[in-house]
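Take 1 as the starting number for the sequence shown in UniProt numbering and just add one per residue.
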Amino acid sequence: MPGSYTAEGSQGKEQTGSKSKSASSRHRTPRPREQKTVRKLLRQSKIPSDLSQRTEGNLENILQNVVEKLPNHTAALDVVTELVRRRHVRPQTRHYRAMILANTQCIRGSAKQVEALLNDMKENGVVVDSGTLHAALKALAVHPDYLLRSEIIRKLRERWISLSPTGWHNIVTGYIREGQFEMALETLEHMKLQHVPVQGWLHSLLLYNLAEYGEFEEVLHLLRSRVEAGLTLSPNLWHRLLDISSAAMHPELTQFIWEQQVELGHLNPPYGICDNVLAISARTGNARLAASVFKVLGNRNGVLTLNDYESLVDTYVESGDVESAIRILCSMDSSSIGVKTGSTRSLLSHLIMAGSKPTDVWDTFKRMKKEEDLVFPLPLLNVALELCAHLGDAKTAWDLYRELHTLCSSSVETSTFNILFKACRGSNDADLAGYFVQEMIQMKILPDRKTYENLVLLCVEISRFETAYKYLVEMSGSGFELSRQAKEDIRAKCDGQEDPHASKIIHDSAVRKPASRGIIRPHRVRRSFTIPARGKGVEPEEVKRIDATGQYEHGD
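In structure tokens:
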């Protein structure tokens, strides 16, 4: 056959170094690693070991067999080479059509070879019939080429050749592979107007690719239309679409698939998808969807994690159902999971944004305690105290603290006092802070970094620098450090003060700003060491560390 295919066949035989090699030598058995990728594509078992001993009719049949269903480009090229170069058979339309179909093989086929074959037919005066053009469309569905496809469609229209249903499907497949989804959808609408039946695999291919490209709105529209038309999709497609949409946090598509497949029992999604759906429900406040996810997880008798419960709490908070969120937090405390401080952040943010009063929240706690006999965890009750700290209302925080034991059976922790000290800072109430300090001492509750930091900042803000300095020394002796923002606030407040303790604070190593020494250059420096004089600094007896039985040093 004229063209690049005969040249390629002859060149391949010259490179072997022996003209006597049979075709079977070129069709060697793939190595184990190669078999994983090509054993389903190549059908060497159907290729005769010696093509030279076959009749022309037999070779024609072999050529048609190797390009049907599962094309073998190499085998087809060998047969055509045997017919054209060795037996001098004049290439006909069927030979070109067979080679075009051979290019539907994903490994060796290409759109350039299809174009070269069509040009070769034109130069040699070989008739390009409808079957050849449809074969080219099939090859371009695997190896898309927009310009060549448009040229083939134009030729079909010029000759008044109608497209077969397979041809329509190949055109849409080519558009999908190119990412031209608008053209694919437009062609599908045209097929519907022409009453061309659309195969289910084409819809599935379109939905797969639309989801991969993030076109979730179009996927949702297509799914709804197919469900309303009573058409079915494969479970694998539903599962994949649910996985992609939930990972992309698309609420509408995720909820539609969940209602159509999961709630009806057609799908049983893994935990990862359920976790994504819970995150979506928490973001959108879809309590019904979250309850459905928990029902699915509960049917498996699986262990629910802290993240699952927190997502459910966030869902109820986002939907405005604060009491349901409180019930979930109480149920968490009664289970083995427990409630962490981070579990109540969404509830606290909602109450702050809604402008809720701490007393109203506390009344809600007491009412639910009386009506439902709930056991409130301490982090949940701390939310009301944190509202007081946010508003700077230390007096209300003190009132709520006195009633804390009526709602919570567990003992007060350091985190509760840190919130109370923060409320005292907001109202500059040093006396109440001293009362809370004595409470910690009596309960033998050890302070942490935030405790010392709040006390130091409170004393500095009300200009009690001597007490602040004692707390600072005690804090350093306990191995705690101030945060960066606290250091900046202390330096700003102590700067310019005449109090000697303010000067001590601002020059203390725990507060002062580190000196900037610029760029250190590599040169030799002679150092002289001096021993500081004794007696300078803070006397050891003036520094008292705090422990379970110790006392706070303050200037109240």
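Backbone N, C-alpha and C define an ideal beta-carbon position, used for all residues, glycine too.
Between the alpha carbons of R288 and P165, how many angstroms are there, rounded?
Taking the straight line joining both Cα atoms gives about 44 Å.
What residue does the alpha helix (DSSP H) around D275 start on, and which one ends it?
271 to 284 is the extent of the alpha helix (DSSP H) around D275.
Can you tell me which of the three DSSP states K357 falls into?
Residue state, collapsed to three classes: coil.
According to DSSP, simplified to helix, strand and coil, what is M332?
It is helical.
Closer than 6 Å by C-beta to A102: which residues in its own chain qualify, once you throw out the five before and the five after it? Chain order, please.
Same-chain partners within the cutoff: V67, P71, H73, A76.
Apart from the five residues just before and just after S410, which ones in its own chain have a Cβ nearer than 8 Å to its Cβ?
So the list reads P377, L378, once near-sequence residues are dropped.
Below 7 Å CB to CB, which residues in the same chain sit around A291 once its five sequence neighbours on both sides are set aside?
Answer for A291: no residue qualifies.
Is DSSP giving R90 helix, strand or coil here?
If DSSP states are grouped into helix, strand and coil, R90 belongs with coil.
Which residues in the same chain have their Cβ closer than 8 Å to the Cβ of L385, if we skip the five residues on either side of it in sequence?
Closer than 8 Å at Cβ, skipping near neighbours: P358, A397, L400, Y401, T416, I419, L420, A423.
Helix, strand or coil, according to DSSP, for R108 in the structure here?
Note: R108 maps to coil in three-state DSSP.
Per DSSP, what kind of secondary structure is P447 in: helix, strand or coil?
DSSP places P447 in coil when its eight states are reduced to three.
State the start and end residues of the unbroken alpha helix (DSSP H) segment that holds R402.
It spans 394 to 402 - the alpha helix (DSSP H) in which R402 sits, taken as one unbroken run.
Buried or exposed: V127, going by 16 or more other Cβ atoms within 10 Å of its Cβ?
Result: exposed.
Quick test of the definition: if touching needs 3 or more C-beta pairs under 8 Å, does the stretch 196 to 206 touch the stretch 227 to 241?
The answer is yes - the stretch 227 to 241 touches the stretch 196 to 206, with three or more Cβ pairs under 8 Å.
Ignoring anything shorter than 4 residues, give me the alpha helix (DSSP H) runs that lie fully in the stretch 194 to 254, in order along the chain.
Qualifying alpha helix (DSSP H) stretches, in chain order: 200 to 212, 216 to 228, 235 to 247.
Using the rule of at least 16 other Cβ atoms within 10 Å of the residue's Cβ for burial, across every protein chain shown, is L59 buried or exposed?
Buried, since its Cβ has 16 or more Cβ neighbours within 10 Å.
By Cβ distance below 7 Å, which residues in the same chain neighbour A136 in space, the five residues on each side in sequence not counted?
Closer than 7 Å at the Cβ level, and outside the excluded window around A136, lie I100, V114, L118, I152.
Could you tell me the boundaries of the alpha helix (DSSP H) in which P379 lies?
P379 -> alpha helix (DSSP H) spans 378 to 391.
Measuring only the C-alpha atoms, how far is I326 from L241?
Rounded to the nearest angstrom, the two C-alpha atoms are 34 Å apart.
Are there three or more Cβ pairs, one per stretch, closer than 8 Å when the stretch 336 to 343 is compared with the stretch 362 to 374?
Contact between the stretch 336 to 343 and the stretch 362 to 374 is absent, because fewer than three Cβ pairs lie under 8 Å.
Would DSSP call W362 helix, strand or coil?
Residue state, collapsed to three classes: helix.
Can you tell which of K112, R90, I62 has its C-alpha closest to the C-alpha of G125?
With distances taken between Cα atoms, G125 lies closest to R90.
Just to confirm, is the Cβ distance from V227 to Q261 under 8 Å?
For V227 and Q261, no; Cβs fall outside 8 Å.
What span of residues does the alpha helix (DSSP H) with D78 cover, start to end?
Residues 73 to 81.
Using the rule of at least 16 other Cβ atoms within 10 Å of the residue's Cβ for burial, across every protein chain shown, is R149 buried or exposed?
Burial call: buried.
For N65, which of helix, strand or coil comes out of DSSP?
Of the three classes helix, strand and coil, the one that applies to N65 here is helix, per DSSP.
Shortest alpha-carbon distance to A389 belongs to which of D360, L297, G426, D314?
Among D360, L297, G426, D314, the Cα nearest to that of A389 is on G426.
What do you get for G167, buried or exposed, if any count of 16 or more other CB atoms within 10 angstroms of its CB means buried?
By the neighbour-count rule (16 or more Cβ atoms within 10 Å), G167 is buried.
Which residue comes first and which comes last in the alpha helix (DSSP H) that contains P500?
First-last of the alpha helix (DSSP H) with P500: 500 to 507.
I need the straight-line Cα distance from D78 to R177, nearest angstrom please.
Their backbone Cα atoms lie some 30 Å apart in a straight line.
Distance check for F216 and A116, CA to CA, integer angstroms please.
Going from the Cα of A116 to the Cα of F216 covers about 39 Å.
CB L237 to CB L188, shorter than 8 Å?
Not closer than 8 Å, so no.
Locate the alpha helix (DSSP H) running through Q485, then write down its first and last residues.
Taken as a continuous stretch (DSSP letters only), the alpha helix (DSSP H) holding Q485 covers 484 to 494.
For S463, report the span of its alpha helix (DSSP H) as first-last.
Run containing S463: none; DSSP gives neither H nor E here.
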